[in-house]
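A.B. asks: According to this note's numbering, the sequence shown is numbered sequentially starting from 3.
Cβ atoms here follow ideal geometry from the backbone N, Cα and C, with glycine treated the same way.
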Amino acid sequence: MQDTSKQYDTVIKTCRTLFEKKMSDYGSAWRILRLPSLTDQIFIKAQRIRSLQQNSIRKVDEGEASEFIGIINYCIMALIQLEKGVVEQPDMKLDEALTLYDEKVALTKKLMEDKNHDYG
Numbered sequence: 003m004q005d006t007s008k009q010y011d012t013v014i015k016t017c018r019t020l021f022e023k024k025m026s027d028y029g030s031a032w033r034i035l036r037l038p039s040l041t042d043q044i045f046i047k048a049q050r051i052r053s054l055q056q057n058s059i060r061k062v063d064e065g066e067a068s069e070f071i072g073i074i075n076y077c078i079m080a081l082i083q084l085e086k087g088v089v090e091q092p093d094m095k096l097d098e099a100l101t102l103y104d105e106k107v108a109l110t111k112k113l114m115e116d117k118n119h120d121y122g
């Protein structure tokens, strides 16, 4: 399980770096999104992954990794929205968003570790 925890941390570090960059570029524009909108974005990313996996010929040289990163970040945004609610105007500063991001990541990591323990 130690390897799984380290792998989780490595993946999340990449996801968090992108989240922080996008927050710096666009602010908290995602705060206006309702949960169905975030769910739609997750679904679109999943469809894109399936398309990349099924089609061997690509006009744009993109991998699946960026789509998986997007899914993770949209899921964390959704968890934040569940807690904070939707707003009419972007209202969150970078430091608050990163604190909430880290809190949600810690919760999901704990859940993963607890389930791994239970399932052996």
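Between Ala99, Arg60 and Asn75, which lies nearest to lysine 2 when the distance is taken from Cα to Cα?
C.D. replies: The chain is shown only over 3 to 122; residue 2 falls outside these bounds and no answer can be derived.
A.B. asks: Less than 6 Å between C-beta atoms, sequence neighbours within five positions excluded: which residues of the same chain meet that for methionine 94?
C.D. replies: Ser30 and Arg33.
A.B. asks: Below 8 Å on the Cβ atoms is my contact criterion, and I expect leucine 81 with lysine 111 to pass it. Report the Cβ-Cβ distance as a whole number of Å.
C.D. replies: Incorrect: roughly 13 Å between the Cβ atoms, too far for contact.
A.B. asks: From arginine 18 to isoleucine 51, what does the alpha carbon distance come to, in whole angstroms?
C.D. replies: Approximately 20 Å, taken between the alpha carbons.
A.B. asks: First and last residue of the alpha helix (DSSP H) that includes asparagine 118?
C.D. replies: Residues 96-121.
A.B. asks: Note down, one range per segment and in chain order, each alpha helix (DSSP H) of at least 4 residues found wholly within the region 6-91.
C.D. replies: Runs of the alpha helix (DSSP H) inside the region 6-91: 37-56 and 67-86.
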